[in-house]
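J.:
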Amino acid sequence: MFRFLLVAALFSLLLLLGGQEQIVLGKLGLISSLFAKEEDAELQALRSENSALRAALELRETFEAVVPDRSRHGLVAGVFSAYPFNFRPVLTLSRGASAGVKEGAAVVLGGVLVGQVTRVSAEIGVAKTVFDPRWEIPVRIGAAGVDAVLVGGTVPRLTLIAKDAAIGAGDTLTAADPSLPFGLAIGEIEEVTNEPSMPFKEATLRLPYRISALRFVSVLEPVVR
């Protein structure tokens, strides 16, 4: 509706300025073409986002069927919006020290690890996520428990995987860091890279959630060392 009104206003303005009818119509056609291209790009972006959300939901449903739900043992906290900046390395939580949130606590969605609390004030908690490039933790892959290291970042990845390790797409990834509850699920392998010139395999991972879609999470008691 807004674009229709804008085109109508431009049409009236061009006529008032004394433009010839064919020239005016030509300019309006160009404007309409630009709007159409913009709408196509927006539609494609929405389709891509919906596809990603659908894939994350399907993976989450798969995890819920096989991974124990840890959230019932935790404290429910809301997730503050990072919009419009889409800052993914951290989650800002609606609960803090006054509610019992402590540094080092795991933040979960059902039975899946989404972060770890790094800072706490009286009413707010801040948790790092797998998108934080400073977060590196030991993990295990699949039923055989193949050792690897999860390196956070814009595109989280697994590294230091033995060359002879039998791993593949779809293998589940679990936390093996002593600062976290043992065996917390993280995601699954998306693609394995085995470069002949490199001493180790690497892999990308698929997460069972979209971090921008998180609204509520659960904060567990921190592991006592």
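Residue numbers (my numbering): 1090 to 1314.
Even for Gly, the Cβ is constructed at its ideal location relative to N, Cα and C.
(1) Have a look at ARG1184, ALA1292 and MET1287 and flag the residue whose alpha-carbon is nearest the alpha-carbon of VAL1281.
(2) Taking 9 Å as the cut-off, decide whether the C-beta atoms of GLY1185 and LEU1309 are in contact.
(3) Could you tell me whether the segment 1163-1179 touches the segment 1187-1196, where touching means 3 or more Cβ pairs closer than 8 Å?
(4) Let me know if GLN1205 comes out buried or exposed under the rule of 16 or more other beta-carbons within 10 Å of its beta-carbon.
(5) So for ASP1236, helix, strand or coil by DSSP?
(6) Which term fits SER1210, buried or exposed, when burial requires 16 or more other beta carbons within 10 angstroms of its beta carbon?
(7) Could you tell me how far apart the beta carbons of THR1159 and PRO1270 are, in whole angstroms, since I believe they sit closer than 8 Å?
(8) Between which two residues does the beta strand (DSSP E) holding ARG1295 run?
(9) Pick helix, strand or coil for GLU1131, following the three-state DSSP scheme.
(10) Report the partner residues of PHE1305 according to the DSSP bridge assignment.
(11) If we ignore side chains and look at the alpha-carbon of each, how far apart do ASP1236 and GLU1128 end up?
(12) ILE1275 and LEU1239 look like a contact to me (Cβ under 8 Å); what is the Cβ gap, rounded to whole Å?
(13) Determine the closest residue to THR1261 out of VAL1201, VAL1179 and GLU1192, with distance taken between C-alpha atoms.
(14) VAL1306 and VAL1203 look like a contact to me (Cβ under 8 Å); what is the Cβ gap, rounded to whole Å?
(15) When you compare each of GLU1212, GLY1234 and THR1207 to ARG1223 by their alpha carbons, which one comes out closest?
(16) Locate the beta strand (DSSP E) running through THR1243, then write down its first and last residues.
(17) Which whole-angstrom value describes the C-beta separation of PHE1220 and THR1243, a residue pair presumed to lie in contact below a C-beta threshold of 8 Å?
(18) In whole angstroms, give me the CA-to-CA distance for PHE1289 and GLU1212.
(19) Determine whether the Cβ of VAL1235 lies closer than 9 Å to any Cβ atom of chain D.
(20) Closest by CA to GLY1199, which one among PRO1173, LEU1182, GLY1193 and PRO1297?
T.: So, from the data block:
(1) ALA1292 is the residue among ARG1184, ALA1292 and MET1287 whose C-alpha sits nearest the C-alpha of VAL1281.
(2) Not closer than 9 Å, so no.
(3) In short, these stretches touch, since the Cβ pair count reaches three.
(4) GLN1205 counts as buried, since at least 16 other C-beta atoms from the protein chains shown sit within 10 angstroms of its C-beta.
(5) Strand, per DSSP.
(6) Counting Cβ neighbours within 10 Å, SER1210 comes out exposed, since fewer than 16 surround it.
(7) Correcting the residue identity first, residue 1159 is Arg in this sequence and not Thr. Contact flag correct, Cβ pair sits at about 7 Å.
(8) Counting along the chain, the beta strand (DSSP E) containing ARG1295 begins and ends at 1290-1295.
(9) GLU1131: helix per DSSP, three-state reduction.
(10) For PHE1305, the pairing in a beta bridge is given by DSSP as GLY1167.
(11) The C-alpha of ASP1236 lies about 47 Å from the C-alpha of GLU1128.
(12) About 7 Å; that satisfies the 8 Å criterion.
(13) Nearest of VAL1201, VAL1179 and GLU1192 to THR1261, Cα basis: VAL1201.
(14) Your pair VAL1306 and VAL1203 checks out as a contact, with CB atoms roughly 6 Å apart and the cut at 8 Å.
(15) The residue among GLU1212, GLY1234 and THR1207 with its C-alpha nearest the C-alpha of ARG1223 is THR1207.
(16) Unbroken run through THR1243: none, as it is neither H nor E.
(17) Cβ-Cβ separation between PHE1220 and THR1243: approximately 7 Å, consistent with a contact (criterion under 8 Å).
(18) Whole-angstrom Cα-Cα distance: 44 Å.
(19) Note that chain D does not occur in the displayed structure, where there is just one protein chain.
(20) Of PRO1173, LEU1182, GLY1193 and PRO1297, the residue nearest in Cα terms is PRO1297.
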